[in-house]
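For reference, the structure is listed below as structure tokens.
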Amino acid sequence: MLRTPPIETVEDLARRIGDLRAASEKAGREIPPEVIFTPIGYDLFSGSFPNATQFVDDIAAYSAIGVSALTINLPGTTRSEWIDSVGWLGAEVIANIDS
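Residue numbering for the sequence shown follows the working numbering, starting at 456 and increasing by one per position.
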């Protein structure tokens, strides 16, 4: 049984991050907690890549609401395939993120 409301949209996540920050502040914490999240809607175990342009846009949206880092699973069943996936991530996604 799910005891907390599901996070199904970026807006849901933004509200929950707001709640987390408010609770953190109320508890007297001086440094806001980091938020590490797995992107919504990405079937990262499918063996294929998401659309790079959309992924870059989604990364910006997550950053804007306070997500510190995203977790992802890159496709590949061999070392060579995984290295190719890392190359794709660097060239198609990371290289296009505005810092």
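Heads up, the beta-carbon is just placed ideally off N, CA and C, and yes, glycines get one too.
Every value quoted in this text rests on a predicted model; they were computed, and no experiment measured them.
Grouping DSSP H, G and I as helix and E and B as strand, with all else coil, what is I491? strand
Is the separation between the beta-carbon of L529 and that of V541 shorter than 8 Å? yes
Does the region 476-484 come within contact of the region 510-517, defined as at least 3 CB pairs closer than 8 Å? no
Beta-bridge partners of A524, as assigned by DSSP: I491
Got a sec, what are the start and stop residues for the alpha helix (DSSP H) A516 sits in? 507-519
Can you give me the C-alpha to C-alpha distance between P460 and D467, rounded to a whole angstrom? 9 Å
Return yes when the Cβ of F504 is within less than 8 Å of the Cβ of W537, no when it is not. no
Label I491 either buried or exposed according to how many other C-beta atoms from any shown protein chain fall within 10 Å of its C-beta, with 16 as the threshold for buried. exposed
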